[in-house]
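*Asks:* From first to last, the protein sequence lines stand for chains A and B. Position 77 (the first sequence) corresponds to 77 in our numbering; numbering is contiguous. Offset between the second sequence (1-based) and our numbering: plus 114. Can you read through this structure? Questions will come right after.
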Amino acid sequence: NAGVTQTPKFQVLKTGQSMTLQCAQDMNHNSMYWYRQDPGMGLRLIYYSASEGTTDKGEVPNGYNVSRLNKREFSLRLESAAPSQTSVYFCASSARTGNNNEQFFGPGTRLTVL
Amino acid sequence: QKEVEQDPGPLSVPEGAIVSLNCTYSNSAFQYFMWYRQYSRKGPELLMYTYSSGNKEDGRFTAQVDKSSKYISLFIRDSQPSDSATYLCAMSPYGNKLVFGAGTILRVKS
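What follows is the structure, encoded as structure tokens:
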């Protein structure tokens, strides 16, 4: 049971380049999330998917797009990277049943945009 | 003003001390309150989960929620060097979309 996996672990991009961050979970969870973490800012929600086939914007969606490919996979795409998108990106998933909605996080992707 | 305020620290304490970590919030609709622990260069992991007001204890950890004051706390008894990490509070009105505090860096010195 790998939990939540993310690829790549590290990436350096030049301004204007594009890339896709991959996330997969093997816990049969319905909901998946993408966050970014910046110093002093905590975790901020970029996009989330409550269930397969649905996606919604979070707090900071500008400059990003997402795809819920199937129940297991949720990808985040930067179409034209900017230095302001330098951050650590975390994917999370949750079962979303009852009152307990614990979110399980992946190990993160450290992205630098030059 | 942020919805959730958390002192970033760092908080440095000697081994064996009682640690108090706190968050305040402004949204009275929050009902689900969580504490996550994040070790350096790792993803956050859930430490404590509380629904509505009250206390919850798990080993050396106690979570308190005071909805009337919009204030939550995490207490760590007999702190250990292995407790050194960043502690993030998180909360939600419905249990799905979480709003996180900035995180408090805790250092426990042996």
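C-beta: ideal position from N, C-alpha, C; glycine also.
1) Indicate whether A199(B) and F214(B) have their beta-carbon atoms separated by less than 7 Å.
2) At the 7 Å Cβ level, is P158(B) part of the contact set with chain A, yes or no?
3) Where does S183(B) sit, in a helix, a strand or coil, going by DSSP?
4) What does the Cβ neighbour count give for L43(A), buried or exposed, with the cut at 16 atoms within 10 Å?
5) Look up S84(A) in the DSSP assignment and say whether it is helix, strand or coil.
6) Checking 7 Å against the spacing of the C-beta atoms, do P122(B) and F105(A) come in under that value?
7) Would you say Q22(A) and S75(A) are within 7 Å of each other, going by their C-beta atoms?
8) Any idea if V118(B) is buried or exposed, counting beta-carbon neighbours within 10 angstroms, 16 or more meaning buried?
9) Under 9 Å, CB to CB, which of the residues in the stretch 38-50 of chain A have a partner in chain B?
10) Is the Cβ of V210(B) closer than 7 Å to any Cβ of chain A?
11) Taking N136(B) as part of the beta strand (DSSP E), name the residues at either end of that continuous run.
12) What's the gap between the Cα of R36(A) and the Cα of G217(B)?
13) Within this structure, are the beta carbons of S196(B) and E129(B) separated by less than 7 Å?
*Replies:* This is what the structure holds:
1) What you label residue 199(B) is simply residue 85 of the second sequence in a count that begins at 1. What you label residue 214(B) is simply residue 100 of the second sequence in a count that begins at 1. It is not a contact, given that the beta carbons lie outside the stated cut-off.
2) By one-based count along the second sequence, residue 158(B) stands at place 44. Yes, its Cβ sits closer than 7 Å to a Cβ of chain A.
3) One-based indexing of the second sequence puts residue 183(B) at position 69. Here S183(B) sits in coil by DSSP.
4) Working through the first sequence from its first residue, we reach residue 43(A) at position 43. Buried.
5) Position 84 of the first sequence, counting from 1, holds the residue named residue 84(A). Looking at S84(A) - three-state DSSP - the assignment turns out to be helix.
6) Mapped onto the second sequence, residue 122(B) falls at position 8. Mapped onto the first sequence, residue 105(A) falls at position 105. Not a contact, by the Cβ cut-off of 7 Å.
7) Residue mapping note: residue 22(A) aligns to position 22 of the first sequence, counting from 1. Residue mapping note: residue 75(A) aligns to position 75 of the first sequence, counting from 1. Contact flag set, yes.
8) Position 4 of the second sequence, counted from the start, is the residue given in the question as residue 118(B). So V118(B) ends up on the buried side.
9) P39, G40, M41, G42, L43, R44, L45, Y48, A50
10) In the second sequence, the residue the question calls residue 210(B) occupies position 96. According to the sequence shown, residue 210(B) is Asn rather than Val. Chain A, which has a Cβ nearer than 7 Å to the Cβ of N210(B), makes this yes.
11) Counted from its first residue, the second sequence places residue 136(B) at position 22. Annotation for N136(B): the continuous beta strand (DSSP E) segment containing it runs 133-139.
12) To locate residue 36(A), count along the first sequence from 1; it is residue 36. To locate residue 217(B), count along the second sequence from 1; it is residue 103. The alpha-carbon atoms of R36(A) and G217(B) are separated by roughly 14 Å.
13) Looking up residue 196(B) in the second sequence gives position 82. Looking up residue 129(B) in the second sequence gives position 15. No, they are not a contact pair.
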